[in-house]
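Number of protein chains: 2
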Amino acid sequence: MYTRIPVKLPQDSYDIVICSAAPHARASLSQLADQISPLNLGKKVLLVSNPQIYEYYGESVVNCLMAAGFVVTTHLIPEGEIHKTLDSITQIYDAALENYLERSSTMIALGGGVIGDMTGFAAATWLRGIPFIQIPTSLLAMVDAAIGGKTGVNHPKGKNLIGAFHQPRLVLIDPTVLKTLPVREFRAGMAEVIKYGVIWDQALFNHLEAAERLDNFSEINQELLQTIVTRSCQAKADVVSKDEKESGLRAILNYGHTIGHAIESLTGYSQILHGEGVAMGMVAAGRIAVKLNMWSEQAALRQDALIKKAGLPTEIPAGVDAEAIIQTLQTDKKVKAGKVRFIFPQEIGTVTITDQVTSDLIREVLAEVTCQA
Amino acid sequence: MYTRIPVKLPQDSYDIVICSAAPHARASLSQLADQISPLNLGKKVLLVSNPQIYEYYGESVVNCLMAAGFVVTTHLIPEGEIHKTLDSITQIYDAALENYLERSSTMIALGGGVIGDMTGFAAATWLRGIPFIQIPTSLLAMVDAAIGGKTGVNHPKGKNLIGAFHQPRLVLIDPTVLKTLPVREFRAGMAEVIKYGVIWDQALFNHLEAAERLDNFSEINQELLQTIVTRSCQAKADVVSKDEKESGLRAILNYGHTIGHAIESLTGYSQILHGEGVAMGMVAAGRIAVKLNMWSEQAALRQDALIKKAGLPTEIPAGVDAEAIIQTLQTDKKVKAGKVRFIFPQEIGTVTITDQVTSDLIREVLAEVTCQA
Ligand SMILES: NC(=O)c1ccc[n+]([C@@H]2O[C@H](COP(=O)([O-])OP(=O)(O)OC[C@H]3O[C@@H](n4cnc5c(N)ncnc54)[C@H](O)[C@@H]3O)[C@@H](O)[C@H]2O)c1
Ligand SMILES: NC(=O)c1ccc[n+]([C@@H]2O[C@H](COP(=O)([O-])OP(=O)(O)OC[C@H]3O[C@@H](n4cnc5c(N)ncnc54)[C@H](O)[C@@H]3O)[C@@H](O)[C@H]2O)c1
Ligand SMILES: [Zn+2]
Ligand SMILES: [Zn+2]
Numbered sequence: 011m012y013t014r015i016p017v018k019l020p021q022d023s024y025d026i027v028i029c030s031a032a033p034h035a036r037a038s039l040s041q042l043a044d045q046i047s048p049l050n051l052g053k054k055v056l057l058v059s060n061p062q063i064y065e066y067y068g069e070s071v072v073n074c075l076m077a078a079g080f081v082v083t084t085h086l087i088p089e090g091e092i093h094k095t096l097d098s099i100t101q102i103y104d105a106a107l108e109n110y111l112e113r114s115s116t117m118i119a120l121g122g123g124v125i126g127d128m129t130g131f132a133a134a135t136w137l138r139g140i141p142f143i144q145i146p147t148s149l150l151a152m153v154d155a156a157i158g159g160k161t162g163v164n165h166p167k168g169k170n171l172i173g174a175f176h177q178p179r180l181v182l183i184d185p186t187v188l189k190t191l192p193v194r195e196f197r198a199g200m201a202e203v204i205k206y207g208v209i210w211d212q213a214l215f216n217h218l219e220a221a222e223r224l225d226n227f228s229e230i231n232q233e234l235l236q237t238i239v240t241r242s243c244q245a246k247a248d249v250v251s252k253d254e255k256e257s258g259l260r261a262i263l264n265y266g267h268t269i270g271h272a273i274e275s276l277t278g279y280s281q282i283l284h285g286e287g288v289a290m291g292m293v294a295a296g297r298i299a300v301k302l303n304m305w306s307e308q309a310a311l312r313q314d315a316l317i318k319k320a321g322l323p324t325e326i327p328a329g330v331d332a333e334a335i336i337q338t339l340q341t342d343k344k345v346k347a348g349k350v351r352f353i354f355p356q357e358i359g360t361v362t363i364t365d366q367v368t369s370d371l372i373r374e375v376l377a378e379v380t381c382q383a
Numbered sequence: 011m012y013t014r015i016p017v018k019l020p021q022d023s024y025d026i027v028i029c030s031a032a033p034h035a036r037a038s039l040s041q042l043a044d045q046i047s048p049l050n051l052g053k054k055v056l057l058v059s060n061p062q063i064y065e066y067y068g069e070s071v072v073n074c075l076m077a078a079g080f081v082v083t084t085h086l087i088p089e090g091e092i093h094k095t096l097d098s099i100t101q102i103y104d105a106a107l108e109n110y111l112e113r114s115s116t117m118i119a120l121g122g123g124v125i126g127d128m129t130g131f132a133a134a135t136w137l138r139g140i141p142f143i144q145i146p147t148s149l150l151a152m153v154d155a156a157i158g159g160k161t162g163v164n165h166p167k168g169k170n171l172i173g174a175f176h177q178p179r180l181v182l183i184d185p186t187v188l189k190t191l192p193v194r195e196f197r198a199g200m201a202e203v204i205k206y207g208v209i210w211d212q213a214l215f216n217h218l219e220a221a222e223r224l225d226n227f228s229e230i231n232q233e234l235l236q237t238i239v240t241r242s243c244q245a246k247a248d249v250v251s252k253d254e255k256e257s258g259l260r261a262i263l264n265y266g267h268t269i270g271h272a273i274e275s276l277t278g279y280s281q282i283l284h285g286e287g288v289a290m291g292m293v294a295a296g297r298i299a300v301k302l303n304m305w306s307e308q309a310a311l312r313q314d315a316l317i318k319k320a321g322l323p324t325e326i327p328a329g330v331d332a333e334a335i336i337q338t339l340q341t342d343k344k345v346k347a348g349k350v351r352f353i354f355p356q357e358i359g360t361v362t363i364t365d366q367v368t369s370d371l372i373r374e375v376l377a378e379v380t381c382q383a
């Protein structure tokens, strides 16, 4: 049993396949073979993962690919964002060369967004582009990173500066693998889920509100998790298929990210996970929207309650200086002509974009949402 | 005065602009400003070249860009194919970062195919793709490398293994810069011109036949050179716009390249220029086609005469072993299921593709076209 979400693009359309999370479903990653066969790919596969994730799920993926007649080699990259470098990419190239990967061969990413972004970029640039498949294993990768074709690595001086657009042939999601994801990572992924509820899908928001808990894989009803993942993937698929190369609509995915990125950057990308920054950013952006009379206070409070329920922070840590945040906003690469663009909810499920926010208003709200401890 | 050739693609269409080579035309690279303005690019430009070429033409390009209001930085890469590496690309990235290149900024390649392929790849992968412009300065780059969107670098173990498709926004050609191109490079480029005559454009072939000399820039009538470059660009544009991602028709551009590549590879890519290998390959392929009764002997002789007139070799050097060539053909990446695919002329201007060539026939022809000295 699975749900199929087609991602329609002018070229390179593909499907997201979400395996059923029902308790009695057969081990779902093994459905890979059924899903991959119709794609008519060559026989050679290079599977890219990290040691921890491979330890949990590698063997079952490899066995299933081999049973389906593929010749599989595995290349592991050490865990962590610090390995998301061009250097790791050259090592994937070397593995591709040693195993004689051809234009019809496939790279498969088994991991979180770090592994997915790197494998996608290697596939984008090996022999000027070979097929690749995403098997995201973190919640953030399932609902966000694996969908939309953005691939890349970090430059020593900036995140994701090097990259390419390259669409996967298939995104295969088995939500049950989230059982081994560290709880803090699970919550961080939930921030993006809440974001989709606010910017795009009111029904998703309502499902999240109806849930008893959202802060832990083992406490969430598995059917609800299935719904959450499916609706989130659908939201991302809707947006990216309307704006493949990020020329317009895709900007709404940055809701909560403007201030969130500034906080991540000011804390050196070490203390705060991306999703945690997004959570704080959504609280702040929501508050600004209320003060501008663009959003109702009641809706903002509902959003903040969801963030809390997901075990995510609703306050900016005391150590992060408001003036520094405002400064950082000005140098963000998305700034056009010195104006910071904000994405604001209008009602739950609908947003608008504006650059009409004064520094004074940002300052006022930051003071309110920064922890006073 | 200039000729404009539109390259029509499903997305990312662009123009090839060929400046008039007439003796009294104003210095043509300075037309860059007129051509670049309508593209609505950002103000920042990174010009990539090599020291020799920059010495000749860099200043006039930079001045003209600055006069048009662009902020220009220059990044030079040492001359030669050995520098066509990922390492050189990371140096372009560093220059892009230091100069705060944005999504709307432009990289401009001023040079032969080596500079063009690298600049294109850097532009393809910086910020997931920024605009780039080709100003090809070698004949081979003008009629071949700069057109079609193939970009990339070499892997230590193989040519052009790393790359991406990324279309330029503009290809600006000033044939008069060929005056400083070493004569052997000029002739090598002429091999691709002759190829277009044989596979695609009978009128081009006739122009080449009518020319008194083809072996030296200074001996060629400038109007003829203009015609040759224009028709060759048109041929490449026709083929690539019918097959952007190399799934079919584009294969015909490999006429003469099957055996040519084998010879280049066996001589370590040092003794023989690519165009020289292609010249030998066309002689051999033409001969095989004649023996298969696919092409008339008379047409093959006309082709060989053109190759000679361009100062290109019509014989394979004595040191290159026929058995080694046959062996190399088998391991070529374009081989499908062990069958070598050959492109053969049927008449001048028309080709066909076949994998029905026996090793014995190849052996027989190689014996005939290898220098007996
Ligand atoms: N391409 C895009 O559109 C896009 C969008 C958002 C984020 N990203 C990128 O994604 C990355 C963040 O992704 P992420 O949050 O998945 O980080 P990640 O890949 O580092 O994974 C987080 C941690 O969880 C571990 N992990 C993942 N799945 C697991 C599982 N099932 N069991 C046990 N451990 C598991 C990982 O080993 C890692 O330690 C960043 O590099 C970001 O730039 C890309
Ligand atoms: N992208 C494609 O579709 C494509 C097609 C064919 C070849 N290529 C690539 O192109 C490269 C070969 O191109 P190339 O033959 O231009 O080689 P090149 O770039 O090395 O140039 C040849 C030599 O001529 C010099 N030169 C170039 N223009 C000059 C000028 N006007 N005056 C003086 N010197 C000049 C260069 O410095 C170099 O020494 C190879 O790397 C090949 O893989 C790419
Ligand atoms: Zn995010
Ligand atoms: Zn060639």
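Those protein sequence lines, which keep their order, are chains A and B. Per our numbering, the first sequence runs over residues 11 to 383. Per our numbering, the second sequence runs over residues 11 to 383. All C-beta atoms, glycine included, are put in the ideal place defined by N, C-alpha and C.
*Please decide whether arginine 179 of chain B counts as near chain A, where near means a Cβ-Cβ distance under 8 Å.*
no
*Does leucine 49 of chain B get closer than 8 Å to chain A when you measure Cβ to Cβ?*
no
_I need the DSSP call for aspartate 25 of chain B, collapsed to helix, strand or coil._
strand
*Taking DSSP as the reference, what is the three-state secondary structure of proline 20 of chain A?*
coil
*the region 133 to 164 of chain B: positions lying closer than 9 Å to chain A by Cβ*: Ala134, Thr135, Trp136, Leu137, Arg138, Gly139, Lys160, Thr161, Gly162
_Sufficient close CB pairs (3 or more, under 8 Å) joining the region 146 to 157 of chain B to the region 98 to 112 of chain B_ = no
*Between glycine 287 of chain B and isoleucine 273 of chain B, is the Cβ-Cβ spacing less than 8 Å?*
yes
*Touching by the beta-carbon criterion (3+ pairs, under 8 Å), the region 187 to 194 of chain B and the region 40 to 60 of chain B*: no
*Can you pull the DSSP bridge partners for histidine 165 of chain A?*
A/Gly168
_Tell me the residue span of the alpha helix (DSSP H) that contains valine 249 of chain B._
232 to 252
*asked:* Here's the rule: buried if 16 or more other CB atoms are within 10 angstroms of the residue's CB, otherwise exposed. What is proline 185 of chain A?
replied: buried
*Best match in B/Gly121, B/Ser115, B/Lys205 for proximity to tyrosine 66 of chain B [C-alpha to C-alpha]*: B/Gly121
*Residues of the region 201 to 219 of chain A with a CB closer than 9 Å to any CB of chain B: list them in chain order, please.*
none
*Can you tell me which of the three DSSP states threonine 380 of chain B falls into?*
strand
*Which residue's Cα is closest to the Cα of glycine 123 of chain B: B/Gln45, B/Asn216, B/Leu283?*
B/Leu283
*So, does the CB of threonine 84 of chain A fall closer than 8 Å to a CB anywhere in chain B?*
no
*Is there at least one Cβ from chain A nearer than 8 Å to lysine 167 of chain B's Cβ?*
yes
*Give a yes or no on whether 8 Å exceeds the smallest Cβ distance from leucine 107 of chain B to chain A.*
yes
*Return the chain-ordered list of same chain residues with a C-beta closer than 8 Å to the C-beta of isoleucine 298 of chain B, the five sequence neighbours on each side being excluded.*
Phe352, Phe354, Val367, Leu371, Ile372, Val375
*Any chance the CB of glycine 270 of chain B is under 7 Å from a heavy atom of ligand 2?*
no
*Hey, would you say the C-beta of glutamate 202 of chain A is under 7 Å away from at least one heavy atom of ligand 3?*
yes
*So, alanine 151 of chain B versus threonine 161 of chain B, is the Cβ gap smaller than 8 Å?*
no
_Proximal residues to tyrosine 265 of chain A (C-beta, below 7 Å), its chain only, five neighbours per side dropped_ = Lys205, Val208, Ile209, Met292, Ala295, Ile353, Val361
*Taking the alpha carbon of histidine 85 of chain A as the point to measure from, which residue in A/Gln244, A/Cys74, A/Ile46, A/Val55 has its own alpha carbon closest?*
A/Val55
*asked:* Is there a Cβ of chain A sitting closer than 8 Å to that of alanine 174 of chain B, yes or no?
replied: yes
*State yes or no: is the beta carbon of threonine 338 of chain B nearer than 8 Å to at least one beta carbon in chain A?*
no
*asked:* Could you give the first and the last residue of the continuous beta strand (DSSP E) run that contains glutamine 313 of chain B?
replied: Premise fails: glutamine 313 of chain B lies in the alpha helix (DSSP H), 307 to 319, not in any beta strand (DSSP E).
*Are the beta-carbon atoms of isoleucine 102 of chain A and alanine 132 of chain A separated by less than 8 Å?*
yes
*To which residues does DSSP link tyrosine 12 of chain B through a beta bridge?*
B/Cys29
*Those runs of the beta strand (DSSP E) which lie wholly inside the region 73 to 123 of chain A and span at least 3 residues*: 81 to 86, 116 to 121
*Length of the line joining the Cα atoms of lysine 169 of chain A and valine 163 of chain A*: 7 Å
*Interface flag, tyrosine 24 of chain A vs chain B, CB-CB below 8 Å*: no
*In the structure shown, what three-state DSSP assignment does glycine 278 of chain B receive?*
coil
*Below 8 Å, can you find three or more Cβ-Cβ pairs linking the region 243 to 255 of chain B to the region 301 to 312 of chain B?*
no
*Over what stretch of residues does the alpha helix (DSSP H) that includes leucine 339 of chain A continue unbroken?*
332 to 341
*Applying a beta-carbon distance threshold of less than 9 Å, which residues of chain B neighbour tyrosine 103 of chain A?*
Leu96, His165, Leu171, Ile172
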